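>
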Ligand SMILES: Cc1ncc(COP(=O)(O)O)c(C=O)c1O
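Numbering (the numbering used here), first residue to last: 1 to 374.
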């Protein structure tokens, strides 16, 4: 059996180190807002070359707090891609704004040539989604945002460590949001998220918003609680146990990415002469292959036959946003064709750092024999 994803091998490798660190943290007596959070925030923002940044409880909350921090409210519009993960949309709606969808190109990224048509007087921000592990065209997006005075919040949930013109995603816009959901490039053993920013004031606001609106950081950068809300916030704090795990795993994240790229290149080499449509890497990008997404019109049959051979795949995502009950009414008569075509034929092959090249070869061989039999 080849699982689509598993954290078990990785956990076995680091088990002793992780349990020791968690034990130390709990023995010390801090559950929230302790040394592990401080260390993690420092390490993460310095690794990704951002002046400021704060950890939060999930990628979804990172997006919601980012939207609130720039003042997004009822009646505003926020632009994003029609093939994104549901949480990008729920964060926009929960901020009070209305999502405006833009179709995607053959690289599964927002089609920049269609953004300007979607802008109205109510538009306040763009959320480019660096889907599957590669950056959107940030030069084009920055130019559009400047021209129309829009804020940029990058959704980096699937692309930690990816670069565009050698600069890390999450550092182009006003804010960059990350997810540490276990399957992600840097996975916690639970939930977690991060917001990067170059703006000190925004960072301070983010730190209030994640903790009921309370001012929590004193002049010595130590946590304190006055039980006094400066503004209305929410509970989006991250706990010390997750930060302990993330502090350990952050040391290995470059190795994880290296391995992902090696495995992806192996798939690309093995499958290049098939009629499967393989991921397209744009020239200016370092793709970190959070997902290895392929396209074939006979997806259903291929997945079923792979399953018979005990190879598990996943469709990420089977529905474009405009085709879901929760959101359909917002996008009636919208032309978002490419995301719909793609959603009907895409599927993802297993790819995670603990996989072996031999497994990639086995999967490739199975796919080739299935494609020949169709
Ligand atoms: C593109 C994208 N945005 C946002 C999120 C939300 O992150 P989380 O699951 O940590 O809330 C995800 C995670 O699934 C995602 O893939």
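A virtual CB, placed ideally from N, CA and C, is assigned to each residue, including glycine. Just so we're clear, the structure is a prediction, and the values are computed from it rather than from any experiment.
#1: When you compare only the Cα positions, how much space is there between residue 171 and residue 250?
#2: In the DSSP assignment, find the unbroken beta strand (DSSP E) run with residue 144 in it and report its ends.
#3: Going by the beta-carbon positions, is the gap between residue 38 and residue 135 smaller than 9 Å?
#4: Check this for me: beta carbons of residue 267 and residue 278, under 9 Å apart or not?
#5: Where does residue 289 sit, in a helix, a strand or coil, going by DSSP?
#6: Entirely within the segment 3-53 and at least 4 residues each: give me those alpha helix (DSSP H) ranges in chain order.
#7: Apply the 10 Å Cβ neighbour rule to residue 350 and answer buried if 16 or more other Cβ atoms are within range, or exposed otherwise.
#8: What are the boundary residues of the beta strand (DSSP E) that residue 124 is part of?
#9: Whose CA, out of 344, 259, 355, lies closest to the CA of residue 315?
#10: Quick check: what's the CA-CA separation for residue 292 versus residue 198?
#11: If you check the beta carbons only, do residue 152 and residue 142 fall under 9 Å apart?
#12: Measuring only from the beta carbon, is residue 211 closer than 8 Å to any heavy atom that is part of ligand 1?
#13: Going by DSSP, what residue range makes up the alpha helix (DSSP H) through residue 358?
#14: Once you ignore the five residues that flank residue 322 on each side, which residues in its own chain have a CB closer than 7 Å to its CB?
#15: Out of curiosity, what's the CA-to-CA distance linking residue 193 and residue 374?
#16: Which runs of the alpha helix (DSSP H), 4 residues or longer, sit entirely within the segment 207-252?
#17: Could you have a look at residue 339 and say whether DSSP puts it in helix, strand or coil?
#18: Using the three-state DSSP reduction, which class does residue 347 fall into: helix, strand or coil?
#19: To the nearest angstrom, how far is it from the Cα of residue 123 to the Cα of residue 94?
#20: To the nearest whole angstrom, what separates the beta carbons of residue 366 and residue 271, a pair I think is in contact under 8 Å?
#21: Restricting to Cα atoms, I'd like to know which of 149, 181, 148 is closest to residue 160.
#22: Does ligand 1 have a heavy atom nearer than 8 Å to the CB of residue 109?
#23: Using the rule of at least 16 other Cβ atoms within 10 Å of the residue's Cβ for burial, across every protein chain shown, is residue 356 buried or exposed?
#24: So is residue 7 buried or exposed if we call it buried at 16+ other beta carbons inside 10 Å?
#25: Sorry if obvious, but does the Cβ on residue 157 come closer than 8 Å to a heavy atom of ligand 1?
#26: With a threshold of 16 other CB atoms inside 10 Å of the CB of residue 254, please say whether the residue is buried or exposed.
#27: Pairs of beta-carbons, one from the segment 51-64 and one from the segment 222-237, closer than 8 Å: are there three or more?
#28: So for residue 277, helix, strand or coil by DSSP?
#29: Determine, using beta carbons only, whether residue 176 and residue 317 come nearer to each other than 9 Å.
#30: Drop a sphere of 10 angstroms on the beta-carbon of residue 132, count the other beta-carbons inside from all chains shown, and report buried for 16 or more, exposed for fewer.
#31: Any heavy atom of ligand 1 closer than 8 Å to the Cβ of residue 136?
#32: Using alpha carbons as the reference points, say which of 61, 371, 128 lies closest to residue 156.
#33: Based on DSSP bridge pairs, tell me the residues matched to residue 56.
Let's see:
#1: 18 Å
#2: Premise fails: residue 144 lies in the alpha helix (DSSP H), 138-148, not in any beta strand (DSSP E).
#3: no
#4: yes
#5: coil
#6: 8-28, 35-47
#7: buried
#8: 123-127
#9: 344
#10: 31 Å
#11: yes
#12: no
#13: 357-373
#14: 82, 101, 328, 331, 334, 336
#15: 43 Å
#16: 240-250
#17: helix
#18: strand
#19: 16 Å
#20: Incorrect: roughly 11 Å between the Cβ atoms, too far for contact.
#21: 181
#22: no
#23: exposed
#24: exposed
#25: yes
#26: exposed
#27: yes
#28: strand
#29: no
#30: buried
#31: no
#32: 128
#33: 193
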